[in-house]
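*Asks:* Have a look at the structure that comes next, please.
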Amino acid sequence: MAPTTSSAITLKINGQNYPLTVDHRTTLLDALRERLDLTGSKKGCDHGQCGACTVLIDGRREVSCLNLAVAAEGREITTVEGLARGDELHPVQQAFLDLDGYQCGYCTPGQICSAVAVIEEHAAGWPSAVTGDVRPEAGPPPLSAEEIRERMSGNLCRCSAYVSIVQAVSRAADTTAGQRRTEPAGTEPLGSGDTGRTADAEAAA
Amino acid sequence: MKEFAYQRAEDVSGAVALLGADPDARFLGGGTNLVDLMKSGVERPGRLVDVRQLPLGAIESTPEGGLRIGATVTNSDLAAHPEVRRRYPLLTQAVLAGASGQLRNMATVGGNLLQRTRCGYFADVTKPCNKREPGTGCPALEGEHHNHAILGASEHCVATHPSDMGVALTALDAVVTYETADGPGELPLADFYLPVGDTPHRETALPPGALITGVTVPPAPVAARSRYRKVRERASYAFAIGSVAAAFDVSDGVVREVRLAFGAVASRPWRARAAERALTGVPAEAENFAAAADAELAAARPLRDNAYKVTLMRNLVVAVLTELAEEAAR
Chain A
1 MAPTTSSAIT
11 LKINGQNYPL
21 TVDHRTTLLD
31 ALRERLDLTG
41 SKKGCDHGQC
51 GACTVLIDGR
61 REVSCLNLAV
71 AAEGREITTV
81 EGLARGDELH
91 PVQQAFLDLD
101 GYQCGYCTPG
111 QICSAVAVIE
121 EHAAGWPSAV
131 TGDVRPEAGP
141 PPLSAEEIRE
151 RMSGNLCRCS
161 AYVSIVQAVS
171 RAADTTAGQR
181 RTEPAGTEPL
191 GSGDTGRTAD
201 AEAAA
Chain E
1 MKEFAYQRAE
11 DVSGAVALLG
21 ADPDARFLGG
31 GTNLVDLMKS
41 GVERPGRLVD
51 VRQLPLGAIE
61 STPEGGLRIG
71 ATVTNSDLAA
81 HPEVRRRYPL
91 LTQAVLAGAS
101 GQLRNMATVG
111 GNLLQRTRCG
121 YFADVTKPCN
131 KREPGTGCPA
141 LEGEHHNHAI
151 LGASEHCVAT
161 HPSDMGVALT
171 ALDAVVTYET
181 ADGPGELPLA
191 DFYLPVGDTP
201 HRETALPPGA
211 LITGVTVPPA
221 PVAARSRYRK
231 VRERASYAFA
241 IGSVAAAFDV
251 SDGVVREVRL
261 AFGAVASRPW
271 RARAAERALT
281 GVPAEAENFA
291 AAADAELAAA
301 RPLRDNAYKV
311 TLMRNLVVAV
321 LTELAEEAAR
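These protein sequences, in sequence, are chains A and E.
Counting with this note's numbering, you get residues 1 to 205 for the letters of the first sequence.
Counting with this note's numbering, you get residues 1 to 330 for the letters of the second sequence.
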């Protein structure tokens, strides 16, 4: 008997269940775009090198082009379509809009999803390749322009809107940190499925 | 891409059994390398056994004072772990120097060790390649080889191993543990990668069908003062053209203990034992650092377009050890 090369699965995306049958060769990116009409995630290189297809999986940023859809079953997927609450944009979306963090816009959904996670990773105390002292006793580095550039280096922008992108991520980090300070204690730990949506946004929705 | 069956392994022994039952099967971890190679036709498995959800995701202290890192720990979790950052800062630095934030969230420790070379001829199925198709030849010898090996290569293959993490783990004398149908086993990282010789398609000493279950890092007080430095052709998110993992114990201006490993110069992370021997017990001075680098690089056999790597590695060794010595003197 020939082995089964497709499976009936359910993908959980932006809080909603999507049952579908996939050929095992289908990437998560192709499932989103071609099967589920979630075309916010973009196909740039399709080899994990450009970041245009970045989504959040279980609260962490990943490239959807190197994830197989069948292997993503059971995980919480958030795409750029799932960041806003109704008409209220996510702070990162708002900052990209306010500061022109794009030109043609093709890489923007990936940039935004990545930036949401960058802000969470930094808030969780993760060092980066440009962090001088990685020992935990040194404490987290300030989210400087250099830190933002390094942490966002997996997202290419062929229009080279990087100057504005760095400014937008910096402003969104400040906004998010301000909202964190007004939140009650006990924010969600990284990777719990939290997408960086703040208590203020929840309350406003 | 060729069609394939997909199964999630329930446990370690189940994963090994699933793989053993199908000679065409491969383990799937984070998929950052395997899925990409399947897209380009370099890898053509008939079955994927998904091991990402196996209970191998912990980082724990060993009774000896080292760390035991599970095979499915992601690069991100490895780099961010407080005990890794405290005990082995060079390991955190090496992992953070590799790939992008997105890929580090996906990639696993076991998969990192087993990733394939980024040689352009290996990745292009329209070209000959002794590693991909034994006996077809190596176009890199006379072709595009500016980022190929200068140490330990052969006339059959001059590809490099792309891992950053593996370079730090090699300097730390890490041991790979694995499971087979016949039971568990272990391999020091120093013996994990096979010499190239005339069999570049045989890359590791893992028994057929073995599943890497983790990596054990022994205690290494010397690593308290350590560094991973990587040179690449752009500032971030690129493979190395040369890298150094170094740990250094200097007191009264004399080198007491040193660990040195090189990346992007050979088919495997390269432990620089000749340099370590030359440095141990001598004054911590730049000319001794250069002499130690020369002792290691005496074995270098550069190709037409990569002799720059010999100079690059020499300068890297001197720069990194000088920085560490200055830190020690403060």
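A virtual CB, placed ideally from N, CA and C, is assigned to each residue, including glycine.
1) In chain order, what residues of the stretch 224-252 of chain E put their CB closer than 7 Å to some CB of chain A?
2) Residues in the same chain with beta-carbon distance under 6 Å from Thr176(A), minus the five sequence neighbours each way, listed in chain order, please.
3) Between the Cα of Val217(E) and the Cα atoms of Ala171(E), Gly253(E), Tyr193(E), Leu260(E), which residue gives the shortest distance?
4) For the stretch 114-128 of chain A, enumerate the residues whose C-beta is nearer than 9 Å to any C-beta of chain E, in chain order.
5) Can you tell me whether DSSP reads Ala17(E) as helix, strand or coil?
6) Could you check what DSSP says for Val254(E) in three-state terms: helix, strand or coil?
7) When the Cα of Ala298(E) is compared with those of Ala325(E), Arg304(E), Ala290(E), which residue comes out closest?
8) Spatial neighbours of Asp50(E) within its chain, please: C-beta separation below 6 Å, excluding the five flanking residues on both sides.
9) The stretch 149-162 of chain A: which residues have C-beta closer than 9 Å to a C-beta of chain E, in chain order?
10) Going along the stretch 74-105 of chain E in order, which residues come within less than 8 Å of chain B, judged by CB to CB distance?
11) Would you please verify whether the beta carbon of Glu3(E) is less than 7 Å from any beta carbon of chain A?
12) Give the DSSP-derived three-state secondary structure of Phe243(E) in the structure shown.
13) Closest to Pro134(E) by CA distance: which of Ala149(E), His156(E), Gly253(E) is it?
14) Alpha carbon to alpha carbon, how far is Val169(A) from Ile148(A)? Give it in angstroms, no decimals.
15) Pull up the distance between the alpha-carbon of Arg60(A) and that of Asp22(E), whole angstroms please.
16) Provide the residue span of the alpha helix (DSSP H) that contains Glu137(A), from first to last.
17) Can you grab the Cα-Cα spacing for the pair Arg314(E) / Gly41(E), in whole Å?
18) Any idea which residues DSSP pairs Pro208(E) with across the strands?
19) Buried or exposed, going by whether 16 or more other CB atoms sit within 10 Å of the CB of Asn17(A)?
20) In whole angstroms, give me the CA-to-CA distance for Ala272(E) and Gly101(E).
21) Consider the Cβ of Thr160(E): report whether some Cβ of chain A lies at a distance smaller than 7 Å.
22) Along the stretch 37-71 of chain E, where does the CB come closer than 9 Å to a CB of chain A? Name the residues.
23) Kindly give me the distance between the Cβ atoms of Arg301(E) and Ile69(E), rounded to whole angstroms, as I take these residues to be in contact under 8 Å.
24) Please say whether Pro283(E) and Val250(E) have beta carbons closer to each other than 7 Å?
25) Taking 7 Å as the threshold (beta carbon to beta carbon), is Ala6(E) in contact with chain A?
26) Which residues bound the beta strand (DSSP E) around Tyr162(A)?
27) Checking 7 Å against the spacing of the C-beta atoms, do Arg234(E) and Val320(E) come in under that value?
28) How many angstroms separate the CA atom of Gly197(E) from the CA atom of Lys127(E)?
29) Please identify, using Cβ separations under 7 Å, the residues of the stretch 54-83 of chain A that lie next to chain E, in order along the chain.
30) If the cut is a Cβ gap below 7 Å, which residues of chain E does Thr5(A) touch?
31) Can the beta-carbon of Leu36(A) be found closer than 7 Å to that of Ala69(A)?
32) Give me whichever residues DSSP pairs with Val63(A) in a beta bridge.
33) Got a sec: is the Cβ-Cβ distance from Gly183(E) to anything in chain A below 7 Å?
34) Quick one: Cα of Leu91(E) to Cα of Ala159(E), how far?
35) I need the DSSP call for Gly185(E), collapsed to helix, strand or coil.
36) Counting only the same chain and skipping the five closest in sequence on each side, list residues whose C-beta sits under 6 Å from that of Ala52(A).
*Replies:* If we stick to the structure as given:
1) Ser236, Tyr237
2) Pro91, Ile119
3) Ala171(E)
4) Ser114, Ala117, Val118, Glu121, Ala124, Gly125, Trp126, Pro127, Ser128
5) helix
6) strand
7) Ala290(E)
8) Arg8, Leu28
9) Arg149, Glu150, Arg151, Met152, Ser153, Gly154, Asn155, Leu156
10) In the displayed structure, chain B is absent; the protein chains listed are A and E.
11) yes
12) Looking at the sequence itself, residue 243(E) is Ser, so the reference to Phe does not match. Note: Ser243(E) maps to strand in three-state DSSP.
13) His156(E)
14) 7 Å
15) 33 Å
16) Run containing Glu137(A): none; DSSP gives neither H nor E here.
17) 38 Å
18) None; Pro208(E) has no bridge partner.
19) exposed
20) 30 Å
21) no
22) Met38, Lys39, Ser40, Gly46, Arg47, Leu48, Asp50, Arg52, Gln53
23) In fact, because the Cβ distance is near 34 Å, the residues do not count as touching under 8 Å.
24) no
25) The identity of residue 6(E) in the sequence shown is Tyr, whereas the question assumes Ala. Yes - at least one Cβ of chain A is within 7 Å of the one on Tyr6(E).
26) Element bounds for Tyr162(A): not the beta strand (DSSP E) but the alpha helix (DSSP H), 162-182.
27) no
28) 21 Å
29) Thr54, Arg60, Arg61, Glu62, Val63, Leu66, Asn67, Leu68, Val70, Ala71
30) Glu3, Phe4, Ala5
31) no
32) Thr54(A)
33) no
34) 23 Å
35) strand
36) Lys42, Gly44, Cys107, Gly110
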